[in-house]
Amino acid sequence: MPSALVIFDHDGVLVDSEPIAMSVLASISTDFGFQLTADEAFDRYLGTSFDYVVDDLRRQGAIIDRDALHAQFHDDLFAGFRTRLTPIPGIPELLTHLTDSHQPIAIASSGNSHRVTLGITSTGIDHFFADSVITTADDVSRGKPFPDLFLTTAERARIDPERCIVIEDSPFGVEAAHAAGMRAIGFARHTPAATLRDADWLITTMDEAWPILARD
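Just so you know, the sequence shown maps onto residues 1 to 216 in the working numbering.
What follows is the structure, given as structure tokens:
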């Protein structure tokens, strides 16, 4: 396979965490002075960093104690991870195909390191990434849609950005991949396909990813 590195987003691509995250954000919203439904959270914050969420809510007039919101959100989120989190259907099989083919893989996530580590260990896919580059929000000053996460991942893996393919489920993620000079597979599971129209390929199940990667 000519593509040197396959970079996975974490939330919504490797693990089915986004329904948990958005429901948690909605459930604690009134306690922190703003009103938000899970559907609204999906529409506005899918694929963004926690700081982006806080900044956006403040722009809308909410007065938010960032540290208190961060603590409550992550306490509830991680409790959900431990009891309800599953891998995205087809991910174990795709990772098996890639590792059996000696294809380098990596993770680039807007979540923090603890969130990503808990996500991949809770779902039993951590062994696939034992020797992989994992870049999180802790490693960069700007999250998606800026390209920093992907450029840092490519640099750490010592692979040119143009030889990387990113699998993303958010418009911000696709935008960040393109800004980094990488191609992107848009994964429309929880995301409306129309919002991922700028991706180089569009898939609705992970079963569709392997044929793209195998022939590219």
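Here a beta-carbon is modelled for each residue, glycine too, at the ideal position from N, C-alpha and C.
Among the options, which one has its Cα closest to the Cα of residue i?
i       : options                               : result
Ile-159 : Phe-129, Asp-67 and Ile-105           : Ile-105
Gly-124 : Val-53, Phe-81, Asp-76 and Leu-57     : Phe-81
Asn-112 : Arg-215, Asp-11, Ala-41 and Val-6     : Asp-11
Arg-30  : Leu-46, Gln-72, Arg-44 and Leu-5      : Here the sequence assigns Thr to residue 30, which means Arg is not the residue at that position. That would be Gln-72, whose Cα lies nearest to the Cα of Thr-30.
Met-22  : Ala-199, Glu-175, Arg-44 and Thr-135  : Arg-44
Leu-36  : Gln-60, Arg-189 and His-127           : Gln-60
Phe-187 : Ala-176, Thr-205, Asp-198 and Ala-180 : Thr-205
His-178 : Ala-194, Asp-198, His-190 and Glu-40  : Asp-198
His-74  : Asp-126, Thr-48, Arg-115 and His-97   : Arg-115
Phe-128 : Ile-64, Thr-136, Asp-138 and Thr-117  : Thr-117
Thr-86  : Ile-28, Thr-48 and Asp-16             : Asp-16
Quick check: what's the CA-CA separation for residue i versus residue j?
i       : j       : result
Met-1   : Pro-19  : Low local confidence applies: a pLDDT of 44 at Met-1 is under 50, so the model's placement there is unreliable, with the coordinate-based value given in what follows. About 34 Å.
Pro-211 : Arg-84  : 30 Å
Glu-162 : Phe-150 : 11 Å
Ile-218 : Asp-55  : Limits of the chain in this structure are 1 at one end and 216 at the other, which puts residue 218 out of reach.
Ser-132 : Asp-126 : 10 Å
Ala-180 : Gly-173 : 11 Å
Asp-139 : Arg-156 : 11 Å
For residue i, write down the residues that DSSP places opposite it in a beta bridge.
i       : result
Trp-201 : Ile-185
Asp-11  : Val-15
Ile-105 : Val-6
Val-133 : Ala-106
Pro-87  : Val-15
Ile-120 : Paired residue(s): none; Ile-120 is not in a bridge.
Glu-168 : Gly-186
Does DSSP put residue i in a helix, a strand or coil?
i       : result
Ala-4   : coil
Pro-161 : helix
Pro-147 : coil
Ile-234 : The structure shown has nothing for residue 234, since the chain only spans 1 to 216.
Thr-96  : helix
Ile-125 : coil
Phe-73  : helix
Thr-191 : coil
Val-140 : coil
Contact check, residue i vs residue j under 8 Å by CB: the rounded distance?
i      : j      : result
Leu-57 : Phe-34 : 6 Å
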